[in-house]
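Below is one structure; the comments refer to it alone.
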Amino acid sequence: MPPALPGGFEFLARAKKEMDIIVGTAGHIDHGKTALVRALTGTDADRLPEEKQRGITIDIGFAELELEGTHFGFVDVPGHERFVKNMLAGASGIDLVLLVIAADEGVMPQTREHFEICRLLGLGRGIVVLTKSDLADEETLELARLDAEELVAGSFLESAPIVAVSSIRGSGLDELRTALAEAARSTAASPQIDRHAAFLPIDRSFTVKGFGTVVTGTLASGELREGGEIELLPEGRRLRIRGLQTHGRTVGSAHAGQRTAVNLAGIDHSEVARGQVLAAPGVLRPTQIIDSRVEMLAGSPRPLKSRQRVRVHIGTAEVLARVAVMNEAGELPPGERGDVQLRLETPVACRFGDRFILRSYSPQQTIGGGEVLDPHATRARKRDFAQRAERAALLSAAKEKPAELVSLFVGSAVERGLTAEDVNARLGLAAAAFGEALGSAKGIRSLGGVLFETSVADRLSAKLLKAVTEFHTREPLAAGMPREPLRETAFRRLPAEVFAAVLEELVTTKKLASERDLIRLATHRTELSPEERSVKEKLSAIYKTAGLEPPKLDEALAAARGGLAPPAARKIFEMLIRSGEVAKVTDEYYFSAASLEKLTAAIRTFAATTTDRLIDVAKFKEIAGISRKYAIPLLEHLDRTRVTRRAGDKRLVL
1 MPPALPGGFE FLARAKKEMD IIVGTAGHID HGKTALVRAL TGTDADRLPE EKQRGITIDI
61 GFAELELEGT HFGFVDVPGH ERFVKNMLAG ASGIDLVLLV IAADEGVMPQ TREHFEICRL
121 LGLGRGIVVL TKSDLADEET LELARLDAEE LVAGSFLESA PIVAVSSIRG SGLDELRTAL
181 AEAARSTAAS PQIDRHAAFL PIDRSFTVKG FGTVVTGTLA SGELREGGEI ELLPEGRRLR
241 IRGLQTHGRT VGSAHAGQRT AVNLAGIDHS EVARGQVLAA PGVLRPTQII DSRVEMLAGS
301 PRPLKSRQRV RVHIGTAEVL ARVAVMNEAG ELPPGERGDV QLRLETPVAC RFGDRFILRS
361 YSPQQTIGGG EVLDPHATRA RKRDFAQRAE RAALLSAAKE KPAELVSLFV GSAVERGLTA
421 EDVNARLGLA AAAFGEALGS AKGIRSLGGV LFETSVADRL SAKLLKAVTE FHTREPLAAG
481 MPREPLRETA FRRLPAEVFA AVLEELVTTK KLASERDLIR LATHRTELSP EERSVKEKLS
541 AIYKTAGLEP PKLDEALAAA RGGLAPPAAR KIFEMLIRSG EVAKVTDEYY FSAASLEKLT
601 AAIRTFAATT TDRLIDVAKF KEIAGISRKY AIPLLEHLDR TRVTRRAGDK RLVL
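Heads up: the sequence shown at position 33 corresponds to 33 in this note's numbering, and the numbers run straight through without jumps.
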């Protein structure tokens, strides 16, 4: 890796002695966000030539500051309304926001929009900074302070420090540094547990000469290691991590919260773009249907309506979607909260609890935001709305309880069930954390590797056992019920995987037995009446006596069945076939297995006396002692069973 990469800075685990915090700026265009970052860090976060020429921030930029043992990584975002989508990409993964308001202008439209975005994204800490204080007199500055207080009243910034700063003169910077240090201390006092697998939303992709493709982003959770494998989503492409940088220096591993540069092997930077995600291999899956809980902004110009097209900003991605508002009215008024299904036009990778922003399709305006509840939802229908609302409430309440979430996701799948991988594709937990959650989850049971709510598992097992039992009642002489008709009877509307899982469990626990393609109760034994036993013995004798010249099947059944009905006699005959005593040669002719074995031995004995191992029909009739009526079907049977192979008008004995 090169000695430094743009945007490479680290956020260490909360439990470590040295703290690292990602700080994002927010506010109206030309309110001094970039100048403030430059005054604090000495770094100009505007890196693009166009930004230098136009004097405005267009894309996100990065800088860093060491302060009292804490490393602050700054993400500077554009304030212009045309670049809000870039601002949203930068807002992904920040810990603390600097809400920037110019003292000489006060709160402006993008101030409000950026503030609402930060609130909807669930940020919990921040500082209000009144910039350009050198351009405001005391009265104007006080009006700006009152304006700011009114804006943040009742929000996460209500008790936040309000610091007046001049980036030109340097006044207020020491007070701001003190506020930043206090924020770091309060963060250290409330440690966070990172249970999730690696997840890094990509915000930049570029090439470094001699190293190849490099991507950057804030590592939202988990850990990345040099030389390790990573998965690029939503494409599902496995890649190797060639190198890592944080703090502008090469490291062997990166941890949750770090601003990280990842050197990827085996891919061109043109194949990687903002909005994609690097994730632990095999954990997450792309999705296009998401159940969510949405809050509409009070200032939204109109309600959110079912089938409305919106822009969804999640992580660093922007995707188009249609919404299904899951209530009777089919709409969510401004200022209201409700359950909404997002049907995305392109796939994304996300997890339960991830936050997102909704913007109108045109004109582009922030209208609300929300939280992912089920990243792999099934398509919602009106009759499901009440049930989904109940589940949404339970999922929201269980946010910090992984074991309860496992139980809720499994329970909501009902008879379709979920594999452990299906569940964790929703949660994105690290292996150890997911194993613990799965082991602690209550009210679920695994059948053949598929998880069900215990009552559902019992019901499915009982349903399959009942179907087999009823079959035995109807067909007492049958060895078992064919597998596919059993699935159609018991689990017609369920995936084949569920049938296989339940069947495997019942076979493992010795409640059912599976032989060839037949399923029976493990305790099932065929019990014949004296009359049935007599028919079986007569049929057996007919075929043993007939040798290689048996009667047609109908003739044999007529001769043996006595007073038994033809269907019952045929079932007894099928028992001879299943036992291997009789073998089918054609639909009409069956032979005793002993006679066929004797014939095969005679054919091979003859072949051993010849140099070419060939036999014609005439010789075969002579050896078998039969007419052509039986010879041709028997020769074709020997071909099928690979005793012989046709060679012109003769057979080669194999």
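Even for Gly, the Cβ is constructed at its ideal location relative to N, Cα and C.
Applying the 10 Å Cβ sphere with the 16-neighbour rule, what's the burial state of residue i?
i, result
"Y361", "exposed"
"L146", "exposed"
"K629", "exposed"
"Q245", "buried"
"L320", "exposed"
"S171", "exposed"
"S412", "buried"
"A393", "exposed"
"S166", "buried"
"R516", "exposed"
"R493", "exposed"
"D587", "exposed"
"L638", "buried"
"V262", "buried"
"G55", "Because the pLDDT at G55 is just 46, under 50, the model does not fix this residue reliably, and the point stays unresolved."
"R640", "exposed"
"E10", "Unreliable positioning characterises E10 in this predicted model, as indicated by a pLDDT of 27, which lies under 50. A coordinate reading is not provided."
"S592", "buried"
"T33", "Looking at the sequence provided, one finds Lys at residue 33 rather than Thr. The residue is buried, with at least 16 neighbouring Cβ atoms inside 10 Å."
"P567", "exposed"
"V456", "buried"
"A608", "exposed"
Check this for me: beta carbons of residue i and residue j, under 9 angstroms apart or not?
i, j, result
"I117", "G439", "no"
"V502", "S534", "no"
"V507", "V450", "no"
"R204", "R274", "yes"
"V323", "R337", "no"
"L654", "R642", "yes"
"L358", "L373", "no"
"A317", "L200", "no"
"Q341", "S292", "yes"
"A398", "E436", "no"
"K132", "H31", "yes"
"L40", "L143", "no"
"V272", "V208", "no"
"L465", "K511", "yes"
"A565", "L599", "no"
Tell me, to the nearest whole angstrom, how far the beta carbon of residue i is from that of residue j; I am working on the premise that it is less than 8 angstroms.
i, j, result
"R351", "R238", "Actually they are not in contact, since the Cβ atoms of R351 and R238 sit about 19 angstroms apart, beyond 8 angstroms."
"I572", "L539", "7 angstroms"
"K650", "I615", "6 angstroms"
"L98", "I127", "6 angstroms"
"P633", "V585", "5 angstroms"
"S253", "E226", "7 angstroms"
"L264", "T213", "5 angstroms"
"V107", "L36", "Not really, about 17 angstroms apart at Cβ, beyond 8 angstroms."
"A559", "A569", "That pair is no contact at about 10 angstroms."
"A103", "T140", "7 angstroms"
"E505", "L447", "4 angstroms"
"P347", "Q288", "5 angstroms"
"A220", "A164", "No, A220 and A164 are not in contact; Cβ-Cβ is about 33 angstroms, not under 8 angstroms."
Considering just the uninterrupted stretch of the alpha helix (DSSP H) at residue i, what are its terminal residues?
i, result
"I60", "No alpha helix (DSSP H) contains I60, which DSSP labels as neither H nor E."
"P109", "P109 to L120"
"I542", "P530 to A546"
"P633", "R628 to R640"
"K619", "V617 to A624"
"V513", "Contrary to the premise, residue 513 reads as Ala rather than Val in this sequence. Looking at the DSSP string, A513 is not in any alpha helix (DSSP H); the run it does join, the beta strand (DSSP E), is L512 to E515."
"T41", "K33 to T41"
Could you give the residue range of the beta strand (DSSP E) that holds residue i?
i, result
"P286", "Where P286 is concerned, there is no enclosing beta strand (DSSP E), given that its DSSP letter is neither H nor E."
"R204", "R204 to V208"
"I241", "R237 to T246"
"V152", "First-last for V152: E138 to V152, but that is the alpha helix (DSSP H), not the beta strand (DSSP E)."
"V653", "K650 to V653"
"H71", "T70 to D76"
The ligand PLP heavy atoms versus the CB of residue i: any closer than 8 angstroms?
i, result
"R125", "Although the ligand PLP was asked about, the structure shown includes no ligands whatsoever."
Fully enclosed by the stretch 470 to 504, which alpha helix (DSSP H) runs are 4 residues long or longer? If we require 4 residues or more, the alpha helix (DSSP H) runs fully inside the stretch 470 to 504 come out as 483 to 490.
At what residue ranges does the stretch 359 to 440 contain a whole run of the alpha helix (DSSP H), taking only runs of 4 or more? Here the runs fully enclosed are 385 to 397, 402 to 412, 420 to 427 and 431 to 440.
Would you mind listing the beta strand (DSSP E) stretches within the stretch 561 to 592 that are 3+ residues and don't spill past its ends, in chain order? Taking only runs of at least 3 residues, the beta strand (DSSP E) segments lying wholly in the stretch 561 to 592 are 582 to 584 and 590 to 592.
Within the stretch 309 to 366, ranges of the beta strand (DSSP E) (whole runs, at least 3 residues): With a minimum length of 3 residues, the continuous beta strand (DSSP E) runs that stay inside the stretch 309 to 366 are 309 to 314, 317 to 325, 337 to 348 and 355 to 360.
Could you tell me which whole beta strand (DSSP E) segments of length 3 or greater appear in the stretch 252 to 301? Within the stretch 252 to 301, the complete beta strand (DSSP E) runs of at least 3 residues are 253 to 255, 259 to 265, 277 to 279 and 287 to 296.
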